[in-house]
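Working notes, beginning with the structure itself.
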Amino acid sequence: MIGVLLLVASWLLARGHRPARLFLLAFGVFYAGVVLRYLCNLGVLRSGEVGDLGMQAGSLLHMAIMSLGITGRYNTLKREKAEAQAETIAATRQLATTLEARVAERTAELTVEIEHRGELEKELRRALEVEQIARRDQREFVAMVSHEFRTPLTVIDTSVQQLESSPDPPAERTVRRYRNITGATRRMTSLMDEYLTFDRLDGDSVPVHLVPCDPGRIVERAVADFSPGRIAVEIRSLPRSFSCDPDLAHVALRNLLENAEKHSPEDRPVTLCVRASDGGGLELTVTDRGEGVPPDEMPRLFEKYFRGRGARGRPGAGLGLYLVDRIARIHGGAVSAESVPGEGTTVRISLPGS
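One rule links them: number in our numbering = place in the sequence shown (from 1) + 63.
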């Protein structure tokens with residue numbers, strides 16, 4: 064076994080395995096003392112002090128070499144550890160210095176960026192204030208122009224109605240002219256109301272003034288804009304108390320009636336059914352006897368600026384039904400529509416109670 068171990072150690076040393084050198088030195092002298100003692104026991108050598116001293120000397124040299132080897136290895140590891148710690152500390156300090164420099168640089172950049180964004184925010188606020196002032200001035204100007212137009216249009220409409228209902232029946236041609244004038248004044252009034260209402264409702268924040276309202280008065284006011292007998296009103300029931308924005312409610316109902324009146328034959332009136340809904344709300348149902356709405360156009364009926372095939376060649380901006388739906392939703396209500404091609408269309412406004 065001693066021979067085998069020494070051969071293996073020599074082979075490893077030849078291949079560059081450094082621990083094999085310590086093994087050969089430490090265990091070589093130990094194995095020499097063992098072999099010397101073994102030969103004395105066999106009688107090959109004379110037994111005596113030589114065998115005993117050889118065994119003891121080999122053991123002492125073995126322990127001395129092993130101690131020196133272990134101590135040297137320990138000191139080497141300790142030195143390498145200290146060097147590694149020193150390198151780590153130096154790298155950490157270098158990294159900390161680099162990070163501090165980067166943090167200071169980034170902080171300076173962020174400070175400049177914050178100041179720049181602050182200036183941009185100030186500019187945006189100034190621009191927003193200017194835009195709000197311009198928008199307010201525009202609304203006031205449009206409202207003033209609308210008021211100035213509305214007064215003469217009302218006078219014209221009233222005068223034509225008086226002439227039409229005079230004791231002396233006018234000629235048929237004159238009656239047609241009266242109706243053309245009346246229709247033109249109502250269209251102009253309707254367009255002004257639509258654009259003013261659209262300007263008011265076009266935004267995320269919509270001012271709504273809810274006050275106690277008389278539903279009967281809202282219906283009466285909207286129906287008064289049409290020729291007598293053109294709107295057939297059926298009031299089934301009215302809520303005891305009802306709150307809404309009267310101006311917006313008037314615009315919604317009048318737009319709905321006007322849209323139905325456009326698509327209904329002259330000899331068949333538009334039906335307006337009024338009733339109180341559950342919870343003290345109000346339900347307004349308008350039905351015309353026109354050509355109806357094609358099924359493919361029903362999903363877009365209340366879209367902004369949408370005009371179906373049946374509205375081509377007729378005056379309008381495509382805002383009437385959009386405003387109806389918008390006003391209903393602002394009040395917390397909803398609008399629904401049903402149509403049968405060739406038979407007519409029914410639109411229902413549901414407004415919640417107060």
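All residues carry an ideal CB built from backbone N, CA and C; glycine is no exception.
Small disclaimer: the values here were computed from a predicted structure and weren't measured.
Here Cys336 carries a strand assignment [DSSP, helix/strand/coil]. Bridge partners of Arg411 according to DSSP: Thr348, Ser399.
In the three-state reduction of the DSSP assignment, Glu406 falls in the coil class, being assigned neither a helical nor a strand state.
For Glu321, the enclosing alpha helix (DSSP H) begins and ends at 309-325.
Leaving aside the five residues that flank Arg180 on each side, none in its chain has a CB nearer than 6 Å to its CB.
The beta carbons of Asp351 and Gly407 sit closer together than 8 Å.
Excluding residues up to 5 positions away in sequence, Asp351, Gly353 lie with their Cβ nearer than 6 Å to the Cβ of His326 in the same chain. Secondary structure of Pro82 (DSSP, three-state): helix. Burial check for Ala89: the Cβ neighbour count within 10 Å reaches 16 or more, so the residue is buried. Shown here for Thr348: same chain residues with a beta carbon closer than 6 Å to its own, the five before and five after excluded, namely Cys336, Arg411 in chain order. A direct Cα-to-Cα measurement between Arg136 and Leu85 gives close to 11 Å. Straight-line measurement puts the Cα of Ile244 at about 23 Å from the Cα of Leu316. Residue state for Ala287 is assigned as coil, using DSSP reduced to three classes. Sequence-distant Cβ neighbours of Arg338 in its own chain, meaning closer than 6 Å and more than five residues away, are Arg299, Ser300, Glu346. Pairing Val387 with Leu319 gives a Cβ-Cβ distance under 8 Å. With a beta-carbon spacing of about 7 Å, His394 and Pro415 fall inside the 8 Å limit used to define contacts. Separation of Asn138 and Arg100 (C-alpha to C-alpha, rounded to the nearest whole angstrom) is 35 Å. Beta-bridge annotation (DSSP): Ile133 is not paired with any residue. Taking C-alpha positions only, Glu143 is separated from Thr155 by approximately 18 Å. Straight across, the Cα-Cα distance linking Pro358 with Thr409 is about 14 Å. Taking a C-beta distance under 8 Å as the contact criterion, Gly96 and Gly121 qualify as a contact pair.
The Cβ atoms of Gly344 and Arg303 lie no closer than 8 Å to each other.
Annotation for Val296: the continuous beta strand (DSSP E) segment containing it runs 294-298. Less than 8 Å separates the beta-carbon of Leu124 from that of Val92. If you check the CB distance, Glu324 and Phe365 do not come in under 8 Å. When the five nearest sequence neighbours on each side are left out, the beta carbons in the same chain lying within less than 6 Å of the beta carbon of Glu360 are those of Gly371, in order along the chain.
Sequence-distant partners of Leu311 (beyond 5 residues in either direction) whose C-beta falls short of 6 Å from its own C-beta, in its chain, are Ile390.
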